[in-house]
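Here's the structure, in structure tokens; my notes come after.
In structure tokens, the structure reads:
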């Protein structure tokens, strides 16, 4: 996807489809992803690119070891 808005729209459509099919696990997964994407978008209002899962994770968990940035 090109933008975070495209990703959000796709996930919203997928949630509706999963609900119609009775796939509760998929609904929970997609709702969590949507929540994280919307939170990322709030934290980065001027950035429209579709973030990677690591970018989203590090935005929510900056103290995690895999999100640390070391400067020489």
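Residue numbers (our numbering): 512 to 583.
Just so it is clear, CB atoms sit at the ideal spot from N, CA and C, and this is done for glycine as well.
According to DSSP, is residue i helix, strand or coil?
i: residue 560; result: strand
i: residue 574; result: coil
i: residue 568; result: helix
Measure how close the beta-carbons of residue i and residue j come, nearest whole angstrom, since I'm counting them as under 8 Å.
i: residue 522; j: residue 544; result: 6 Å
Taking residue i as part of the alpha helix (DSSP H), name the residues at either end of that continuous run.
i: residue 532; result: 515-532
i: residue 550; result: 535-554
Residues in its own chain within less than 7 Å of residue i by CB, not counting five upstream and five downstream?
i: residue 529; result: 537, 538, 541
i: residue 554; result: 570
i: residue 533; result: none
For residue i, I'd like the list of residues in its chain whose CB is within less than 6 Å of its CB, leaving aside the five on either flank, ordered along the chain.
i: residue 516; result: none
Residues in its own chain within less than 8 Å of residue i by CB, not counting five upstream and five downstream?
i: residue 514; result: 559, 560, 561
i: residue 548; result: 515, 518, 519, 522, 562, 567
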